[in-house]
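A quick write-up on the structure given underneath.
2 protein chains.
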Amino acid sequence: MTQVYNFSAGPAMIPQAVLDQAQQELKNWDNLGVSVMEVSHRGKPFMALAEQSEKDLRSLYNIPDNYSVLFLQGGAKGQFSAIPMNLTQKGKALYLTSGHWSKMAANEASKYTEVTEIDILEPQSEKTAVIELDFEDVAEQYDYVHYCPNETISGVEIFDVPKVGNAVLVADMSSTILSRQIDVSKFGIIYAGAQKNLGPSGITIVIIRNDLIGNAMSMTPQVWDYAVQQKADSMINTPPTFAWYLCSLVFKHLLDLGGVAEVEKHNIAKAQRLYDFIDQSSLFSNVVAPQNRSRMNVTFVTGNEELDAKFVAEALENNLQALKGHKVLGGMRASIYNAMPMEGIDTLIRFMKDFEARYA
Amino acid sequence: MTQVYNFSAGPAMIPQAVLDQAQQELKNWDNLGVSVMEVSHRGKPFMALAEQSEKDLRSLYNIPDNYSVLFLQGGAKGQFSAIPMNLTQKGKALYLTSGHWSKMAANEASKYTEVTEIDILEPQSEKTAVIELDFEDVAEQYDYVHYCPNETISGVEIFDVPKVGNAVLVADMSSTILSRQIDVSKFGIIYAGAQKNLGPSGITIVIIRNDLIGNAMSMTPQVWDYAVQQKADSMINTPPTFAWYLCSLVFKHLLDLGGVAEVEKHNIAKAQRLYDFIDQSSLFSNVVAPQNRSRMNVTFVTGNEELDAKFVAEALENNLQALKGHKVLGGMRASIYNAMPMEGIDTLIRFMKDFEARYA
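Going down the list, the protein sequences come from chains E and F.
Quick note on our numbering: the first sequence kicks off at 3 and runs consecutively.
Quick note on our numbering: the second sequence kicks off at 3 and runs consecutively.
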């Protein structure tokens, strides 16, 4: 089979070792003679998988004991609704916006609470940069402060944690979870759709400090009521068992690699190599300030839309898939999540050099 | 590999041919060199899959053109919330209850609308039976009338469609969808979690008459707003692509078998054979009236809890899995959805005969 590299922003690459195992045991999981898709979520084998997967995630992220881990459905966008439904008491929330996804989260929240938006991007600079992360003086008047540490569309990542004093910090980590070390104790809620760094689409992980559980609005759907799901071990109804299983394999794989510290080193090296090439290129450029360049989604343009389209098409012919930028921004985007090996970066750079030689 | 038969109520058996194909192409779907789990839902290959799967489902169920088909997340229990959120205008809904799941649906709906519950089970009979299905005189004062045509826990199935005049009939078909022919035009909404007859858990199908779309309450989460999802082809966020793919394979498989008419014949024959055995047994009995015996979930007891437990344990040793009844009812339950072959029924009956000879 030809080696292809898949730069999809999500659903994204899954580690090869995980796919190998999933394929091998697809019809006979845990020596039961049936697929993991076919077993009851309430049976001992699946319950053991669920328990172990939570342990492994806790270990990977050093999740403190006073936090719960929920495995839910509905995607991060489902959590855009669930978070205000579960956290609103004062009736005010602060949303720090840095791009498409953080704005979408704010829009949805405004159905349920009074939303204050603060745009934290530098408005005047040539390079996109985050300018403001200290909200200690205002944060505590809000039920929570929400932000998105990695904007997949523009490729803007926020490495410092916003200062919010004793207020509750909520982070949509869909596209950065487990890519670098974080101090979970600084967050009230961390949530993430799985389809970038955790597994296939269809499962959403919520890491939540226990004291924030139990205040859901009366109209909160029970499948998204954190108290209900916490009590039911995320099984108030049938969970997405196959997606959960895949996540469990990814967690084990990351532990085998040495945990998040090792994964982070690898991600830094991958991103650095690609940005270094872009910075010296006479054809390609990236408009994000170095301190906010995403390690997960590297955006670049030639400055010519036709040439961008040609690049994407020729790359595909060369087995470099899904390099087209998001439709709201255009250009190119290489999503290089945890599962992307350095060989993928090197192959992409070789192709970019070749393209540059022909078109610059 | 030992032949096992899996009588799980859900997640349940998947057709062997579907698992074979899924395994074979797990790492190279559609000749793309990557897994179906790894491709963008917005790319042409997956969009083609989504489109074809809807066509196949429309063909299987003769879904009229004035109905939309949505592929959502959250399970049937998610729809317990979404339905009143989307359909409430007058502020009143009628729930016909016939067991655990219809009651759960009514409970959840009462967060959003004024719920009237009518228990449609015969209260005095030795055998559980549905006595009342004509609500034409009262139905139209409600936004909709909800019922559950198959109660998985008790094994009670309602084959006739309730009469509701011009009112909107909503059916939770999670455990009966595609098991028998229905006239979709009699329903306002049909919904179903996939994990019994459609595929793996984690995807929920909603078949909805178009005139019912567009009236969601303002607090409806956008991922469950039928108008939003209809407009976005069920992709307002990343859908559960692997589960959707599996469903698409199941639809093709059912078409290959000759469609729902053929599947129904097979299901009638399977259920008949098992109930016939139970009815002549000196040890096992079923308490559902013949006209309401589920073709999907066959419940039975020995009348002795210890003996029931022994049966379940010995059956498992003989590769007959997941025969334990639901915890709220006890006893035994053989879930024999579309994917269960007649050989599974025959093997179960042989084991029951043997057990009976030893313990009756």
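Each residue gets a CB set at the ideal place from its N, CA and C atoms; glycine is no exception.
Around the C-beta of residue i, are 16 or more other C-beta atoms found within 10 angstroms, so that it is buried, or is it exposed?
i	result
F:Y339	buried
F:P202	buried
E:A173	buried
F:N288	buried
F:T301	buried
F:D162	exposed
F:N88	buried
F:S220	exposed
E:A95	buried
F:N8	buried
F:P17	buried
E:T222	buried
E:G167	exposed
E:E134	exposed
E:G305	exposed
F:I85	buried
E:S127	exposed
Residues of chain E with a CB under 9 Å from the CB of residue i: which are they?
i	result
F:P241	G77, S203 and G204
Check each candidate in the options and name the one with the smallest Cα separation from residue i.
i	options	result
E:E350	E:K272, E:Y361, E:A291 and E:V290	First, the residue type needs correcting, since residue 350 of chain E is Leu and not Glu in the sequence shown. The option with the nearest alpha carbon to E:L350 is E:K272.
E:M344	E:I120, E:V289 and E:V265	E:V265
F:A196	F:S177, F:L214 and F:R211	F:S177
E:S55	E:T90, E:L98, E:S83 and E:L200	E:L200
F:A78	F:G35, F:I192, F:S61 and F:Q18	F:I192
E:G157	E:K312, E:V6 and E:M298	E:M298
E:A311	E:Q323, E:V262, E:S296 and E:M334	E:M334
E:I179	E:G261, E:E128, E:N68 and E:D235	E:G261
E:W31	F:A19, F:V6 and F:N33	F:V6
E:F357	E:Q323, E:S337 and E:L309	E:L309
F:L22	E:V36, E:Q323 and E:P17	Here the sequence assigns Asp to residue 22 of chain F, which means Leu is not the residue at that position. F:D22 has its Cα closest to that of E:V36, out of E:V36, E:Q323 and E:P17.
F:N68	F:K29, F:A263, F:N212 and F:A95	F:N212
F:A141	F:Y97, F:Q26, F:T115 and F:Q126	F:Y97
F:G216	F:R60, F:S70, F:A19 and F:A341	F:S70
E:E116	E:K329, E:V147 and E:L135	E:V147
E:Y114	E:G93, E:I133 and E:P125	E:G93
E:D258	E:N33, E:L62 and E:Q26	E:L62
E:G139	E:L214, E:E128 and E:P164	Contrary to the premise, residue 139 of chain E reads as Asp rather than Gly in this sequence. For E:D139, the nearest C-alpha among the options comes from E:P164.
F:H328	F:D227, F:V303 and F:A341	F:V303
Which residues of chain E have a Cβ atom closer than 7 Å to the Cβ of residue i, listed in chain order?
i	result
F:N8	V36 and E40
F:G364	Past the boundaries of the shown model lies residue 364 of chain F; chain F is included only from 3 to 362, so the question cannot be answered.
F:K267	Per Cβ cutoff of 7 Å: no residues; F:K267 is ~24 Å from chain E at best.
F:S220	K113
Which residues in chain F sit within 8 Å of residue i, going by Cβ to Cβ distance?
i	result
E:A245	G204, P242, F244 and A245
E:N321	G35
E:E110	P223 and Q224
E:H148	Going along chain F, no residue has its Cβ under 8 Å from E:H148, so there is no contact; the nearest lies around 16 Å.
E:S296	Ordered by position in chain F, no residue passes the 8 Å Cβ test against E:S296, which lies about 18 Å from the chain.
E:S83	P223, Q224 and V225
E:A370	Only positions 3 to 362 of chain E appear in the structure, and residue 370 of chain E is not among them; the question remains open.
Less than 9 Å between the beta carbons of residue i and residue j, yes or no?
i	j	result
F:A111	F:L123	no
E:S104	E:C150	yes
E:S42	F:Q224	no
F:I160	F:F137	no
F:G101	F:I65	no
E:G76	F:Q75	yes
E:L276	E:I347	yes
E:V20	E:F244	no
F:F279	F:K198	no
E:G145	E:T90	One detail in the question is off: residue 145 of chain E reads as Asp in this sequence, not Gly. Yes, they are a contact pair.
E:Q232	E:L72	yes
In chain F, which residues lie less than 7 Å from residue i when you measure between Cβ atoms?
i	result
E:L21	L28, K29 and S37
For the ligand ZN, I want to know if residue i counts as a neighbour, meaning its beta carbon is within less than 8 Å of at least one of the ligand's heavy atoms.
i	result
F:T4	For the ligand ZN, the structure offers nothing, since it holds no ligand at all.
Closer than 8 Å by beta-carbon distance: list the chain E residues that pair up with residue i, in chain order.
i	result
F:M15	V36 and E40
F:I238	K79
F:T4	G35
Can you list the residues of chain F that residue i reaches, using a CB-CB cut of under 9 Å?
i	result
E:A194	Within chain F, no residue comes near E:A194; the closest Cβ sits about 12 Å away, beyond 9 Å.
E:K254	Here the premise fails: no neighbours, minimum Cβ distance about 17 Å.
Original post:
Within the chosen definition, does the stretch 205-225 of chain E reach the stretch 43-51 of chain E through at least 3 CB pairs nearer than 8 Å?
Top reply: no
Original post:
Would you call the stretch 187-198 of chain F and the stretch 33-48 of chain F in contact, with 3 or more CB pairs under 8 Å?
Top reply: Contact between the stretch 187-198 of chain F and the stretch 33-48 of chain F is absent: fewer than three C-beta pairs spanning the two stretches fall below 8 Å.
Original post:
Are three or more beta carbon pairs between the stretch 239-255 of chain E and the stretch 275-292 of chain E nearer than 8 Å?
Top reply: no
Original post:
Between the stretch 274-286 of chain E and the stretch 7-23 of chain F, do three or more beta carbon pairs fall short of 8 Å?
Top reply: no
Original post:
If we count Cβ pairs, one from each stretch, closer than 8 Å, do we get three or more for the stretch 318-331 of chain F versus the stretch 249-257 of chain F?
Top reply: Touching, no.
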